[in-house]
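Notes for the one structure printed next.
Protein chains: 2
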Amino acid sequence: MEKPHETDERVSQTDKAFEQAAEQPLDRRKTAILGTVVYEYIATGEPVGSATLTQKYNLGISPATVRAELASLDEEGYLDQPHTSAGRVPSDRGYRYYVDRLMLPETLTAQERERIRLEVNSASHQLDSIVDHASHVLSSLTRNIAFAIAPRLSTQVFRHIELIWLDDHAAHIVLVSNLGLAAQKTVNVQADLDAEALVHAANNFNQHLQGTALRDIDLEALQRLACQTPLPADLLRHIASILAEHSEAGIEGRLFSEGAHNLLDQQEFRDLRKLRAILDLLEEEQTLYQLLHRSLLAEGAKVSIGRELPTADMSECSVVTVPYKVGDSNAGAVGILGPRRMQYARLIALINCMADNLNALFHGDASSTPRE
Amino acid sequence: MEKPHETDERVSQTDKAFEQAAEQPLDRRKTAILGTVVYEYIATGEPVGSATLTQKYNLGISPATVRAELASLDEEGYLDQPHTSAGRVPSDRGYRYYVDRLMLPETLTAQERERIRLEVNSASHQLDSIVDHASHVLSSLTRNIAFAIAPRLSTQVFRHIELIWLDDHAAHIVLVSNLGLAAQKTVNVQADLDAEALVHAANNFNQHLQGTALRDIDLEALQRLACQTPLPADLLRHIASILAEHSEAGIEGRLFSEGAHNLLDQQEFRDLRKLRAILDLLEEEQTLYQLLHRSLLAEGAKVSIGRELPTADMSECSVVTVPYKVGDSNAGAVGILGPRRMQYARLIALINCMADNLNALFHGDASSTPRE
DNA sequence: CGTTGGCAATCGCGCATTGAGAGTGCTAAT
DNA sequence: ATTAGCACTCTCAATGCGCGATTGCCAACG
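Residue numbers (the working numbering), protein chains in the order written: chain C, 1 to 372; chain W, 1001 to 1372.
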């Protein structure tokens, strides 16, 4: 079981410096009211008025007093009013205050934890599949969009390579790192491929590269090892590029996202143009990748709300991200994208659970039950 | 260049028998009017009235006469009227008549043909990637949903297998058929895996299964070959299941679909519930698979319109499918799903081009330029 | 002085009404 | 058989109205 404050600690506070006045804590009553408004709005999706607030929650004060406090919170920028005769809705700042200080950490059910564990471990040894499964299960559990990047290989170590002859101009390359299956690719080459030579070269690599960090293997290293074997130059280039694109921060084919159809259910996306904008963003991958990349720099789950996000198109969304480690350093990240009105506590619990599972998996300790 | 009637021949007429009266050709003038209405409606999306018809097209008759004919076509079931004071819209039967008899075959631009060719061949030797690319390029060119199944392996022949040791309880299996890379999978086993034994067993398989049809390799055959090697029973079962699930009509992991976001642009899906219904259908895969499977039974492109489709949810959609061959028999299929108001001629041309490319590819003649 | 009940004022939303426009079907004339 | 004319029907967008929800303010209260 998590202690009440653990989640707060694990939520990165790096953005706090940019928040103009969030460090000034609100007085006790304002705090209670703001928290209740955010909670109620997240639950119902309807703007919250003073009547609802006093009827559904036992605040011990009258609607009139609540109104005064609401007006004050509105003025200070924690709440918005869609229009004069409507209730209040949290602003970015209101959500931020709620996430940083008010919300109670949520605990997952055993089924949920188990489902995450199973899904992540079902694809063990296939890095791409793992993150694919990870985003799949997260999108299904949260009914939001989940996305993830496969781990960079920079910290991983060469264990095995296999070069499979397909025909005179094509070979299949399978690269295995210390963590399991790292990469695989079919490549076409100009020159004629000799099946024997492929086996021979693979043997050579396997003997001499054993234990080398993948980032240290470049084209020259490969050429040196293959100088006795009649291996086409472009095949070597392909192998080198597999290594490079996985240790560098290359995007292509490394980003997985899932669950776009979930947005259809969210009432905030009834407007098709907004929906379209988000889908285009997914297609482009650039923005999501940037978010995940940012998340690599710090520890723990990070929440980005509305205009804190890099794109104006996402100003009505929030994103929760968390990095995961391979060995001792962050190597990849997972994120959840949904409307600002999302269940932050639950999503943070889920994504932390996911990170724990991934961390355990990439420590070679795939079957252990992680914390909590 | 295609001759004017070629497309007609290539459109399978198998469903004709079920069409109650489509075989009765309409008279010349009705034909012209029906064709124009369908053409105009596909182009604009607006119900077509007698005025538009006489103004935009040179029919040589007055609006009043056109109205009489429209009323008659309406009565015979070729046209529908959204409401009394609107123009006419094609019914399923109207579209069917148009597709079977009226529409002019379309020719693709050189860019389009080249784009398909490049995309399909860019992933040569990786069966899954090929169909994935195929549906990707089709969805992008048509702005509809494209879907495809990877070829069954029943007609393919064993060429090579590789068993790669990952750790004591995991191995990566790569299966290569005469057509190139056929399947790959990472499996977990209970018993301890020995790296030497894996290499040995793979060698054994490679020697003795060379040239065997994949569908003829069952668990017993594998056991017989591996009896001298200490290979865990569940590893053999995994290998057998890879063979089985690809030669049988297994669904899982074999269906690729792409381009769901394109539906957002279609005005007929402004209603979110309809959109949702279609997305759920995609998720389930069952219906799409069934459509493709049906398509394997006949030759050439097949169009299914509205209620001709198996599900009521698709009654406002149409689907174009085409099988492709491996060797001499149909082994897979590609489809395009969109609103009934789709550019049938263009989609048929595109999908036929795709089938031609796939056919050429799976004849080992990957680089040749297929018939337009 | 903080809190509260009362109350007028404001605004969005749903609903009925209305008028314009588009298209039809009918009929009588050619 | 074809056509022009015309009354009719129906949708759609705009308009206006009343209801309900909520607020902000004020005066009274402890």
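Beta carbons: idealized from backbone N, C-alpha and C, even for Gly.
- Inter-residue distance for C:L53 and C:I145 is about 31 Å (C-alpha atoms, whole angstroms).
- In the same chain as C:Q228, and ignoring 5 residues on each side of it, no C-beta atom comes closer than 6 Å to its own.
- Here C:D313 has A277, I278 and L281 as same chain residues with Cβ atoms under 7 Å from its own Cβ, once five neighbours each way along the sequence are excluded.
- Listed along chain W are S1124, each with a C-beta nearer than 7 Å to that of C:N188.
- Per DSSP, reduced to three states, the secondary structure at C:I149 is strand.
- Neighbours of C:E162 in chain W, taken as residues at a C-beta separation under 8 Å, are given in chain order as E1162, I1164 and V1174.
- Taking 7 Å as the cut-off, the Cβ atoms of C:Q126 and C:L214 do not count as close.
- Annotated as distal: W:A1221 and W:E1162, with beta-carbon spacing of 7 Å or more.
- For C:S329, the closest alpha carbon among the candidates C:I336, C:V120, C:H363 and C:L309 is that of C:H363.
- Rounded to the nearest whole angstrom, the CA to CA distance from W:K1274 to C:L296 is 40 Å.
- Residue contact check for W:A1170 against chain C: a CB pair falls below 7 Å.
- Within the model, the alpha-carbon separation for C:R28 versus C:N58 is close to 15 Å.
- Contiguous alpha helix (DSSP H) elements confined to the segment 1224-1305 of chain W occur at 1233-1247, 1272-1284 and 1286-1295, taking only those with 4 or more residues.
- In the structure shown, C:S318 falls within a strand segment according to DSSP collapsed to helix, strand and coil.
- For C:R276, the nearest CB of chain W lies under 7 Å from its own CB, placing it at the interface with that chain.
- Proximity of W:H1261 to chain C, defined by a Cβ-Cβ separation below 7 Å, is satisfied.
- Not one beta carbon of chain C lies nearer than 7 Å to the beta carbon of W:L1127.
- When 9 Å is used as the limit between beta carbons, C:Q210 is near no residue of chain W, the shortest such separation being about 13 Å.
- Under DSSP, no beta-bridge partner is assigned to C:L104.
- Secondary structure note for C:G180: its beta strand (DSSP E) is the uninterrupted segment G180 to N188.
- For W:F1205, the enclosing alpha helix (DSSP H) covers residues A1195 to L1209.
- Listed along chain W, no residue sits closer than 9 Å to C:L141 by beta-carbon distance, the nearest being about 16 Å off.
- Under the Cβ criterion (8 Å, minimum of three pairs), the segment 258-266 of chain C counts as touching the segment 134-149 of chain C.
- For C:S177, the enclosing beta strand (DSSP E) stretches over residues A170 to S177.
- Proximity to W:I1042 across W:N1357, W:R1346 and W:M1342 peaks at W:M1342, based on C-alpha coordinates.
- Under DSSP, C:F158 takes part in a beta bridge, and its partners are C:S177.
- Residue state for C:A349 is assigned as helix, using DSSP reduced to three classes.
- For W:L1350, same chain residues with a beta-carbon under 8 Å away, outside a window of 5 residues either side, are L1108, E1112, I1116, L1138, L1141, T1142 and I1336 in chain order.
- When Cβ-Cβ separations below 7 Å define contact, C:L279 makes contact with chain W.
- Residues of the same chain with a CB within less than 8 Å of the CB of C:S315, apart from the 5 flanking positions on each side, are G306, R307 and L309 in chain order.
- Inter-residue distance for C:G60 and C:D128 is about 54 Å (C-alpha atoms, whole angstroms).
- DSSP lists W:L1181 as the bridge partner or partners of W:Q1126.
- Taking 7 Å as the CB threshold, W:L1264 lines the interface with chain C.
- With a threshold of 7 Å between beta carbons, C:G180 makes contact with chain W.
- Distance from the Cα of C:H172 is smallest, within the candidate group C:Q55, C:H238, C:H200 and C:E75, for C:H238.
- At least one beta carbon of chain C lies nearer than 7 Å to the beta carbon of W:L1272.
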